[in-house]
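Colleague: Here's a structure for you.
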Amino acid sequence: MMPRHMDTLLLVVDEGSFEAAAARLGVSPSAVSQRIKALESDVGRVVVRRTSPVGVTDAGEVLVQTARRMRLLESETDDRLRGRVSERPVSVGVNADSLATWFRPVLRHVAEAGGMSLELNLEDEQRSLAMLRRGDCMGVVTAEAEPVAGCVVEALGTLAYWPVGSPGLAGELAEGLAGRGDEAWASLPLLVIGPHDRMTDSVLGPRGVATRPDRRVSRIPSFEGLNDAVVAGLGWTLVPVAAASPYVEAGTMVRLAEDVVRVPLYWQHWRLESDTLGVLTDAVHAAAAVGLTS
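Each residue of the sequence shown is one higher than the last, beginning at 2 in this note's numbering.
Okay, structure coming up:
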C-alpha cells in the first residue's frame, strides 16, 4: 500500500467525493479513481462505496483508521525532530451531557500541555463507536464496553441522572399518578436531545409504560437548551445529577421520581504509542476521577 494511495483515500472520505479530493490534490478525478483502484487491488477488496457522499466498506474503515494513525505518528516524529509539540488537532468523540459536566477539565489539561488543539465531535454515547471505527476520532467517550478492533477500552466511571420536570409538570404527573397510576407517565410530554436519545426508556420501561404515538416530543439539540426547556415546562427528561442539583435546590426543576439512572462510561482509543494520545488519555482519566462515580 503506497502512502500516496492512503492519503488519497483519506481525502476522498473527508471531502466526500472524488471530484472534491481531486481539486484538493490538483489532479483529475480520473487520477484519484485510479489511485483508489490501485489501493483496492493491493488489498484485494472494495474499499470505497461510489455513493454521494462516498462511503467506505468494512475494509475501507480499517484502512482509514490505519491512515489516520500513520499521519499522527508522522506528525509526532516530525515534531520531535523539530523539538516542538504536535500542532495536529486531537479529535475526540463525546456526548453532550459529558461535555457539559465532568469532561470540562479535559479542556484545561490539554491547554496546559501546550501546542495542542482539540476537535470535539458530539455524538450520543450509545453511537460514538462508529466515529472510532471510521478513524474520525482518536478516542471516544462511550457507553460500550466491547472494544473496537485495534482499540483499547478503559472504564471511566458512572454518570448519574435524575428524571426532572418543571413544578407544573410535576403537579400534573402527581395528579395523573393518583388517578391512573404509572400509566400517567405515558402521556407526559418528553424532551430529547437528538433522534437517537432513548434514555428515558430506563424510567418508563420498569413501569411497564409504552410510549404513546401521539405523545408530544420536543427535540432540543443543546444541553443548555434542554435544561431551559425543562424549566419552561415543555417536557421532562433525564439530566445529570451534577447539572440538575442547582435547579432542584432553586425550585425551578423537580425530581419526578426517586429513580437514579446510572450510565457506565468508557474511554475507547486507538491502540497506539503516541505522546499526543497519551496526554489526552491522562486528561480524560483525571477528569473522570473527579466528575464520575466509581
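All C-beta atoms, glycine included, are put in the ideal place defined by N, C-alpha and C.
When you compare only the Cα positions, how much space is there between E274 and R256?
Modeller: 45 Å
Colleague: Exposed or buried, what is P247 when buried is set at 16 or more other beta-carbons lying within 10 Å of its beta-carbon?
Modeller: exposed
Colleague: Can you tell me where the alpha helix (DSSP H) with P106 in it begins and where it stops?
Modeller: R105 to A114
Colleague: In or out: V107 buried (at least 16 other Cβ within 10 Å) or exposed?
Modeller: buried
Colleague: With a Cβ-Cβ cutoff of 7 Å, do L174 and Y267 count as a contact?
Modeller: no
Colleague: Rounded to whole angstroms, what is the Cα-Cα separation between A244 and V111?
Modeller: 23 Å
Colleague: From M7 to A68, what does the alpha carbon distance come to, in whole angstroms?
Modeller: 6 Å
Colleague: Which ranges does the beta strand (DSSP E) cover as unbroken runs of at least 3 residues, wholly within the stretch 207-260, from first to last along the chain?
Modeller: 218-220 and 238-241
Colleague: Roughly how many whole angstroms lie between the Cα atoms of V86 and M71?
Modeller: Confidence at V86 is low in this model, with a pLDDT of 48, below 50, so the placement of that residue should be treated as unreliable; the coordinate-derived value is given next. Note on geometry: alpha-carbon atoms of V86 and M71 lie some 17 Å from one another.
Colleague: When the Cα of V153 is compared with those of L130, A284 and A114, which residue comes out closest?
Modeller: L130
Colleague: Just confirm the distance between the C-beta atoms of T102 and P241, as a whole number of angstroms; I'd bet it's less than 8 Å.
Modeller: 5 Å
Colleague: Please say whether T282 and V91 have beta carbons closer to each other than 7 Å?
Modeller: The beta carbons of V91 and T282 sit no closer together than 7 Å.
Colleague: Return the chain-ordered ranges of every alpha helix (DSSP H) run that is complete within the stretch 144-188 and spans a minimum of 4 residues.
Modeller: With a minimum length of 4 residues, the continuous alpha helix (DSSP H) runs that stay inside the stretch 144-188 are 168-181.
Colleague: Across which residues does DSSP place T50 in a beta bridge pair?
Modeller: Position check: residue 50 holds Arg in this sequence, whereas Thr was assumed. R50 is bridged to G56.
Colleague: Consult DSSP for H270 and reduce its assignment to one of helix, strand or coil.
Modeller: Correct three-state label for H270: strand.
Colleague: In whole angstroms, give me the CA-to-CA distance for E62 and A39.
Modeller: 17 Å
Colleague: Please classify P164: is it buried, with 16 or more other beta-carbons within 10 angstroms of its beta-carbon, or exposed?
Modeller: Under this definition P164 is a buried residue.
Colleague: Let me know the secondary structure DSSP gives G292 once reduced to three states.
Modeller: Here G292 sits in helix by DSSP.
Colleague: Quick check: the Cα distance between R208 and R25, rounded to an integer number of angstroms?
Modeller: 55 Å
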